[in-house]
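Working notes, structure below.
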Amino acid sequence: MDSAKNKKRAASSTSGTPAQTPNKSKKPRRVYSSAGKRAKLEYDRRRQRTRINIGPAFEEWKMLRKSLRMKTHPQLASFLLKSYEKHASSKGPLTSTPRGPSTAVFAGPCRPSSVTAGESDRDDFQIAGVEPLKADQEFCPRGHKLWSWNSQPKLKHGMQGGDFMLSTKILLSGNNFSKIALLFRFMNIRMVTSKTFYSVQGTYCLKSIQQFWEEKRNAIIKKLQSKDRVVALADGRMDSPGHSAMCCTYTTMDLDTMDIISVVNVDKRWVGYKSGVMEKAAFIQTFDSLTKEVNIKEIVTDAHVQIAALMHPERGRYKDQAITHSLDVWHAAKNLTKKLHAVGMISGQKLILGWIKDIVNHFWYACQHTSTREEFMDVWKGVLHHVTGEHEWGFGRCFHAPLAENPDKELIPHGSAAHVALSRIVLNQRWLKEIEKLLTFRTTAELESFQNHILMYAGKRFAFSFGVYEARTLLAALDYNHHNHRPVHVNIKGQVSHKRVYNKKSQRYSVHTVKETKDYGYIPELQTRILEKRLSSAGGLPKRRSVQADDPRALGPLSGISPPPTAEL
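Residue numbers (UniProt numbering): 1 to 569.
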């Protein structure tokens, strides 16, 4: 028998067929007993009942598991179930009170699967509370963290990214925290506290805005330094109406480019708590700075008495600067209108009211077409003859073409009370002594437009600390300069768009060109600066903010009197 086995081995070796070797890595097949087979079959049945086929959604399931860093499918299922239980235990996102049948029924995915059509025909919906931040985590029985999830990115030193961005963009958009907080309250959405907002604003935003403005301003100044002659428009603005202003903003604009080249803010604590001298102090600071940077040959302001004294060619502080001081012709025309309206309201002088528009238009014409005081007076005094119907006199005449009779406009008789009152205004020497400053025919209308634009960022009915007020005025300047030269809007027909604007005072319409919508392209860069300041900080938000040395609050309270304890009041 052994020899037969040896012959078989020899035959297999000589035929070239390799000998079969046993597979040591293969596990032996497990043999179940009849009871074991029944137990395994029952186990497979129970397991099969827990399986759910989610079809094509399995790929999304795997992506969700990966994004949430779940190790197993049961962990992800447990997380989703717990999230659903939390949501179901609280108030639903929408509750309703029956108001009878309605014809409008939500269709398709808008209607929950557990709500019938009859139940959905309801109104008076109410929105429940919404959390802007959601965070969840799970631990094992031994206390090890299995996974964690946060709806907002977490910044350095533990602050939520969404809360930080919300705080900064409230300021950058010119909004107020109290109004945004009230909006969120009405929508039942929780947001950052006022303490967090003001801390973020003071720690990261204010200095970043100042530095960003200086960079943009330096680029404009560098372009103006190549010019031999710069004409600057300047005007001041108080932070509140009336005579109780806390800050004065003095703004300067280049006449050629209409860009803002200087924004100076002065607190009344810096001028001895005297609001009346803030504009003078701001002008001095502006003038001293700009004359060192660009070649200013002419500066245009309103008829401010203190500034006129500074620019007086013989006694003024800047008499040796050889800089022309011009007055805004628009302000002069506005003051002339007020005087004419005041005397026209007096009994016996009401004929003047019908001639106000013509007299003011004649004033504009005289300022535009004359260059000396003598030429101006020759043209200007002609209005006293024109209103009486006399168009040629002595050595003068009107320059208009023959006029058609207008029965609706009554002439002012020569020598009447109305004519005498008009003569006093036209020939007023106190007003005419500054007439040379109007013959350059300059206007600060564009600068007035910017002053109005500041209201978007720093309204006069809201109180701000000096640092915040200064930052808001700089934001207004950044906004204005960035969008100043944007193109006009062209409609689908290729025509320039226009809009009608009604003036309640003049009771007439005017036409304005429509420009392209603002893009606020500078905001992402500014937001990045603020965020980088946060990421590079050595610590989180300070628990207590200290007053800087250049902050006017270091000089004392705004009233100048330290407040007594509350118990003594």
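Even for Gly, the Cβ is constructed at its ideal location relative to N, Cα and C. In this text, all values refer to a predicted model and were calculated from it rather than measured experimentally.
Nearest to K515 (by Cα), restricted to the options Y509, N484, V501, S536:
Ranking the options by Cα distance to K515, first place goes to N484.
Is the closest heavy atom of the ligand SAH to the C-beta of R534 under 7 Å?
Absence of the ligand SAH is noted for the structure shown, with no ligands found whatsoever.
Which residues in the same chain have their Cβ closer than 8 Å to the Cβ of G539, if we skip the five residues on either side of it in sequence?
These residues qualify, in order along the chain: H157.
Excluding five sequence neighbours on each side, which residues of the same chain lie with their C-beta closer than 6 Å to the C-beta of Q201?
The residues are L171.
To the nearest angstrom, report how far apart H386 and A445 are at their CA atoms.
29 Å
Taking only runs of the beta strand (DSSP E) that begin and end inside the segment 137-210, which ones reach a length of at least 3 residues, in chain order?
If you keep only unbroken beta strand (DSSP E) runs of at least 3 residues inside the segment 137-210, you get 145-150.
Under 8 Å by Cβ, that's how I've got E293 and G354 pegged, so tell me the actual separation to the nearest angstrom.
About 50 Å separates the two Cβ atoms, so there is no contact after all.
Does the contact criterion of 3 or more C-beta pairs under 8 Å hold for the segment 490-505 versus the segment 180-187?
no
Assuming H512 is part of the beta strand (DSSP E), what are its boundary residues?
508-513
For K195, which option in R545, H341, K338 has the closest C-alpha, if you only look at C-alpha atoms?
R545
If you drop the 5 nearest sequence neighbours on each side, which residues of the same chain put their C-beta closer than 7 Å to that of R475?
The question names Arg, yet the displayed sequence has Leu at residue 475. Only L172, G174, I209, Y457 meet the Cβ criterion.
How would you label D302, buried or exposed, when you count the other beta carbons within 10 angstroms and need 16 or more for buried?
buried
Backbone CA spacing between S562 and L555 [nearest angstrom]:
11 Å
Which residues share a DSSP beta bridge with T252?
Per DSSP, A234, S262.
Measuring CA to CA, which of S275, M246, D239, L290 is closest to T252?
Residue L290 is the option with its Cα nearest to T252.
Can you find at least 3 beta carbon pairs, one from the segment 484-499 and one from the segment 222-233, that sit closer than 8 Å?
no
Could you pull the start and end residues of the beta strand (DSSP E) that K292 belongs to?
It is not in any beta strand (DSSP E) - K292 instead sits in the alpha helix (DSSP H) that spans 278-293.
According to DSSP, is G540 helix, strand or coil?
G540 falls in the coil class under three-state DSSP.
On the three-state DSSP scale, how would you describe Y502?
strand
Quick check for students: name the residue ranges of the alpha helix (DSSP H) that lie wholly in the segment 319-344, counting only runs of 4 or more.
329-344
On a CA-only basis, which of I356, V329, T286 is nearest A342? Give me that one, please.
I356
Give a yes or no on contact between the segment 264-275 and the segment 239-246, applying the rule of three or more CB pairs nearer than 8 Å.
yes
Sequence-distant residues of the same chain with beta carbon closer than 6 Å to R442, five excluded per side:
V300, S326
Note down the Cα distance separating A471 from L558, rounded to an integer number of angstroms.
19 Å
Going by DSSP, what residue range makes up the alpha helix (DSSP H) through I530?
523-535
So, under 8 Å CB-CB, A260 and F450 are touching, yes? Tell me the CB distance rounded to an integer number of Å.
Residue 260 is actually Ile in this sequence, not Ala. Rounded, the Cβ-Cβ distance is 6 Å, consistent with contact.
What number of angstroms, rounded off, separates the C-alpha of S240 from the C-alpha of A549?
25 Å
Distance, M165 Cα to R51 Cα:
44 Å
Indicate whether L478 and W61 have their beta-carbon atoms separated by less than 8 Å.
no
Based on the DSSP secondary-structure assignment, which residues constitute the bridge partners of E392?
R397
Give the secondary structure of D267 by DSSP, where H, G and I count as helix, E and B as strand, and everything else as coil.
strand
Taking C-alpha atoms, which residue in I359, W431, F399 lies nearest to H419?
I359
Pick from F287, N188, T168, L255 that is closest to F197, judged by C-alpha positions:
T168
Identity of the residue in K518, H362, K338, V264 nearest Q285 by Cα:
Comparing alpha-carbon positions, the option among K518, H362, K338, V264 lying closest to Q285 turns out to be V264.
Could you spell out the range, first to last residue, of the alpha helix (DSSP H) harbouring K71?
Taken as a continuous stretch (DSSP letters only), K71 belongs to no alpha helix (DSSP H), as it is neither H nor E.
Straight-line gap, E298 to Q211 (C-alpha atoms, nearest Å)
29 Å
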